[in-house]
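Sequential numbering of the sequence shown, starting at 1, is according to my numbering.
For glycine and all other residues, C-beta sits at the position ideal for the given N, C-alpha and C.
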Amino acid sequence: MARTIYLTGESKAPSNNPITEQWGLFFIGLIVDTETHVIEKVDCTATLTLTVEFVRELLVGRSLLEDDSLVESITDRYHGSSQRALATAVRNAAAKYRDLSAGPTA
Numbered sequence: 001m002a003r004t005i006y007l008t009g010e011s012k013a014p015s016n017n018p019i020t021e022q023w024g025l026f027f028i029g030l031i032v033d034t035e036t037h038v039i040e041k042v043d044c045t046a047t048l049t050l051t052v053e054f055v056r057e058l059l060v061g062r063s064l065l066e067d068d069s070l071v072e073s074i075t076d077r078y079h080g081s082s083q084r085a086l087a088t089a090v091r092n093a094a095a096k097y098r099d100l101s102a103g104p105t106a
């Protein structure tokens, strides 16, 4: 596997959320170091730049394999209307990453 990979996580945002109106779903994009499992870069479908910056602060430099800890940080610190969508998208990305890390099954 390459040293870094890009993957996404997605989830449904609340129906009254501008994210849902603009994109339909909440997406998070991550660049992850496959040797250390550390998240190097993050972007997401938030409508406010400040939200994207805060999500980066929460996730960059941390291991994607520690998704329970990541979700705990989201729950403790992110109190926007898409909190659950963000947490679910991170869990979704972590599950994809575990599947990729496990490699092909025989």
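Legend entry - Burial state of residue 9, where buried means 16 or more other Cβ atoms lie within 10 Å: The residue is buried, with at least 16 neighbouring Cβ atoms inside 10 Å.
Inset, instruction - Can you tell me which of 25, 56, 12 puts its alpha carbon nearest to the alpha carbon of residue 70? - result: Minimum Cα distance to residue 70 is reached at 56.
Legend entry - Limits of the beta strand (DSSP E) - the one that residue 30 falls within: Segment 26-33, the beta strand (DSSP E) holding residue 30.
Legend entry - Identity of the residue in 33, 74, 62 nearest residue 89 by Cα: Ranking the options by Cα distance to residue 89, first place goes to 74.
Inset, instruction - Count the other C-beta atoms from every protein chain shown that fall within 10 angstroms of the C-beta of residue 102, then say buried if there are 16 or more, exposed otherwise. - result: By the 10 Å Cβ count, residue 102 comes out exposed.
Legend entry - 8 Å Cβ cutoff met for residue 51 and residue 80: Yes. Within cutoff.
Inset, instruction - Flag residue 80 as yes when its Cβ comes closer than 7 Å to any non-hydrogen atom of the ligand NAD, and as no otherwise. - result: What this structure holds is no ligand at all, so the ligand NAD is not there to describe.
Legend entry - Endpoints, beta strand (DSSP E) assigned at residue 12: Unbroken run through residue 12: none, as it is neither H nor E.
Inset, instruction - Out of 72, 97, 7, 58, state which residue places its alpha-carbon closest to the alpha-carbon of residue 27. - result: It is 7.
Inset, instruction - Go ahead and label residue 67 buried or exposed: buried means 16 or more other beta carbons lie within 10 angstroms of its beta carbon, across all protein chains shown. - result: Per the 10 Å Cβ criterion, buried.
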